[in-house]
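For reference, the structure discussed in these notes is given below.
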Amino acid sequence: MSTRTRVALAVLLVATAAGSYLFFGRQDSNDGELVLYGNVDVREVELAFRREGRLVSMAVDEGRTVRKGELLAELDPQPYRESLAVAEAELRAAEAELLKLQRGNRSQDIRRAEQAVRQAEAVLQRAESEFRRQAGLAVERNTSEQALEAARTTRDEAAASLAGAQQTLSLQREGARSEDIAAAEARVAAAEAARAQAVTALEDTKLLSPADATVLARVREPGSMVGSRDPVYTLSLRDPVYVRAYLSEPQLGRVVPGASVRIRTDSSSKVYQGHVGFISPRAEFTPKSVETTDLRTDLVYRLRIVVEDDDEGLRQGMPVTVEVDASPANED
Numbered sequence: 029m030s031t032r033t034r035v036a037l038a039v040l041l042v043a044t045a046a047g048s049y050l051f052f053g054r055q056d057s058n059d060g061e062l063v064l065y066g067n068v069d070v071r072e073v074e075l076a077f078r079r080e081g082r083l084v085s086m087a088v089d090e091g092r093t094v095r096k097g098e099l100l101a102e103l104d105p106q107p108y109r110e111s112l113a114v115a116e117a118e119l120r121a122a123e124a125e126l127l128k129l130q131r132g133n134r135s136q137d138i139r140r141a142e143q144a145v146r147q148a149e150a151v152l153q154r155a156e157s158e159f160r161r162q163a164g165l166a167v168e169r170n171t172s173e174q175a176l177e178a179a180r181t182t183r184d185e186a187a188a189s190l191a192g193a194q195q196t197l198s199l200q201r202e203g204a205r206s207e208d209i210a211a212a213e214a215r216v217a218a219a220e221a222a223r224a225q226a227v228t229a230l231e232d233t234k235l236l237s238p239a240d241a242t243v244l245a246r247v248r249e250p251g252s253m254v255g256s257r258d259p260v261y262t263l264s265l266r267d268p269v270y271v272r273a274y275l276s277e278p279q280l281g282r283v284v285p286g287a288s289v290r291i292r293t294d295s296s297s298k299v300y301q302g303h304v305g306f307i308s309p310r311a312e313f314t315p316k317s318v319e320t321t322d323l324r325t326d327l328v329y330r331l332r333i334v335v336e337d338d339d340e341g342l343r344q345g346m347p348v349t350v351e352v353d354a355s356p357a358n359e360d
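Here it is as structure tokens:
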């Protein structure tokens, strides 16, 4: 191996060692403090409407700080107002039909059915009297068989008419069937659900901020036709502020969730306070099939730190130094 090659390899080893020092951090053996290096986590959300339509207003510009629930954009609401009006009309019709069935028939209809029964009874009485008269004449052979048969038929028809009138009266008094009322109730429930959907659709024409945030990008302009899920704003979320750092496998046993940390930046002398909120249960990089003792140290675990006293001095993506109150490494 040439001298130049040996020098190049030595420089590469030194650079690798320095990079590992900066990436995984160092530990102070005097007080158990562990120093890590990371970045303020980037937390963004793309806002879109759940409905499609014509964009009529964009209320804020890029760089604006917005509050949770603040109106950011709005679609043309007229088509959704019309759909709501139709749904409300259908609901009223269904409710009226149900009320009609529940109240039963009108008293006038019942009295008319009663009158029809009385008329049918009178017709039957006349037909019965005529049949008895014809039967008596037939015994004395003073009438024909045809006349007797006609009287019998008339009597039977009058009896059938009376039975029909009585059934009609019974139905009028009883009112609607329970099955018809249940079906009407189901139609009312369906109409109520359709109205609720129309109300939700109308409310969805307003795009509100989901949290306190900063507007990073204004993607559309008023007059544009947008579909559902087409982004119109990109927001940067700040509450809470997270810091992302990494632990090597040997350091993993020295940090536990909840441990206190101090966070420093290169742009300010302020020291921020925080705590370890999450340690990834798996390595970020897949290990080789056969792991030697040296290769095990290449495993990296993601660490999420929650900043407790953040301010505008911490910006997303900013590199930071994290000092962790770590437990001493276990020794045999």
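So the sequence shown is numbered by the working numbering: it starts at 29 and just counts up by one. No residue lacks a Cβ here, since even glycine has one placed at the ideal position from N, Cα and C.
Across the structure, Arg-343 and Val-68 are spaced so that their CA atoms are roughly 7 Å apart. Within the same chain, and ignoring the five residues on either side of Arg-332 in sequence, the residues whose Cβ sits closer than 6 Å to its Cβ are Tyr-270, Gly-305, Phe-306. With at least 16 other beta carbons inside 10 angstroms of its own, Thr-233 counts as buried. Secondary structure note for Thr-293: it is in no alpha helix (DSSP H), and the uninterrupted beta strand (DSSP E) holding it is 288-293. Judged by beta-carbon spacing, Ser-198 lies beyond the 8 Å limit of Arg-78, meaning their Cβ atoms are not closer than that value. Annotation for Arg-330: Arg-272, Tyr-274, Ser-308, Glu-312 place their beta carbon closer than 7 Å to its own, counting only its chain and skipping 5 residues before and after. Within its own chain, the residues whose Cβ lies closer than 8 Å to the Cβ of Ile-138, once the five positions on either side in sequence are excluded, are Leu-197, Gln-200, Arg-201, listed in chain order. Secondary-structure assignment with DSSP links Leu-75 through a beta bridge to Tyr-261. The three-state secondary structure of Arg-215, taken from DSSP, is helix. As for any alpha helix (DSSP H) of minimum length 4 sitting wholly inside the stretch 171-211, the runs are 173-202, ordered along the chain. Annotation: the continuous beta strand (DSSP E) that includes Pro-347 extends over 347-353. Excluding the 5 residues flanking it on each side, Asp-337 has same chain C-beta neighbours closer than 7 Å at Tyr-300, Gln-301, in chain order.
By the criterion of a C-beta distance shorter than 6 Å, Leu-244 is surrounded in its chain by Thr-262, Ser-264, once the five residues flanking it on both sides are discounted.
Contact between Asp-104 and Arg-82 holds, with the beta-carbon distance rounding to 5 Å and staying under 8 Å.
Taking 8 Å as the upper bound for CB-CB distance, Ala-148 and Leu-190 are in contact here, some 4 Å apart. In the DSSP assignment, Leu-126 falls within the alpha helix (DSSP H) that extends over 106-131.
The C-alpha of Val-335 is placed about 11 Å away from the C-alpha of Val-350. Residue environment analysis places Gly-192 among the exposed positions, since fewer than 16 neighbouring C-beta atoms fall within 10 angstroms of its C-beta. DSSP places Leu-342 in the coil class of the three-state scheme, outside both helix and strand. Membership of Gln-301 in the beta strand (DSSP E) is indicated by the continuous run 300-307.
The stretch 152-165 and the stretch 173-190 touch, with three or more beta-carbon pairs separated by less than 8 Å.
Approximately 6 Å separates the beta-carbon atoms of Arg-246 and Asp-89; this is inside 8 Å, confirming the contact.
Just so you know, the alpha carbons of Arg-215 and Ile-209 end up roughly 10 Å apart.
Residue pairing by DSSP leaves Ile-138 without any beta bridge partner. With a cutoff of 8 Å on beta-carbon distance, Leu-64 and Val-284 are scored as not near each other. Under the three-state reduction of DSSP, Thr-93 is assigned to strand. The beta carbon of Ser-296 sits closer than 7 Å to the beta carbons of Gly-341 from its chain, once the five residues preceding and following it are set aside; these are given in chain order.
Between the C-alpha atoms of Ala-212 and Thr-93 there is a straight-line separation of about 51 Å.
Taking C-beta separations shorter than 6 Å and ignoring five residues to either side along the sequence, the partners of Pro-259 in its chain run Glu-74, Ala-76, Val-247, following chain order.
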